[in-house]
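Visitor: Mind having a look at this structure? Questions to follow.
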Amino acid sequence: FFLMPDDINHHSHLDGVHTVFGEITEGCEHVTTISEVDTQSNDRPVVPVMILSATVIE
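Per our numbering, the sequence shown starts with residue 1, numbered consecutively.
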């Protein structure tokens, strides 16, 4: 899945390929922090990023 911070460029290459199924309502600063980690040539983080908890709001 993808976490897409508001402050990055729109990635039109994902349109029609992936479905948006959620919204981050709190903690957006953490998404920005995750988006800024060092990555390998295949865009995987050098140090794994772990989400320790999440809440589903219906």
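A virtual CB, placed ideally from N, CA and C, is assigned to each residue, including glycine. All of these numbers come straight from a predicted model, not from anything done at the bench.
Would you say V46 and D38 are within 8 Å of each other, going by their C-beta atoms?
Guide: The answer is yes: Cβ separation under 8 Å.
Visitor: Please go through the same chain and pick out, in chain order, the residues whose beta-carbon is closer than 7 Å to the beta-carbon of Q40, but skip the five residues on each side of it.
Guide: Result list for Q40: V46, in chain order.
Visitor: Taking V20 as the reference, which of L3, V56 and S53 has the closest Cα?
Guide: Nearest of L3, V56 and S53 to V20, Cα basis: L3.
Visitor: Since I believe I34 is in contact with V49 (beta carbons under 8 Å), could you give me their beta-carbon distance rounded to a whole number of angstroms?
Guide: Going by Cβ atoms, the distance from V49 to I34 rounds to 5 Å, so yes, they are a contact pair.
Visitor: Can you give me the C-alpha to C-alpha distance between H13 and D43, rounded to a whole angstrom?
Guide: Straight-line Cα distance between these residues: approximately 16 Å.
Visitor: Kindly list the residues whose CB is nearer than 7 Å to the CB of A54, restricted to its own chain and excluding five residues on each side of it in sequence; keep chain order.
Guide: Within the same chain, A54 has no close Cβ partners at all.
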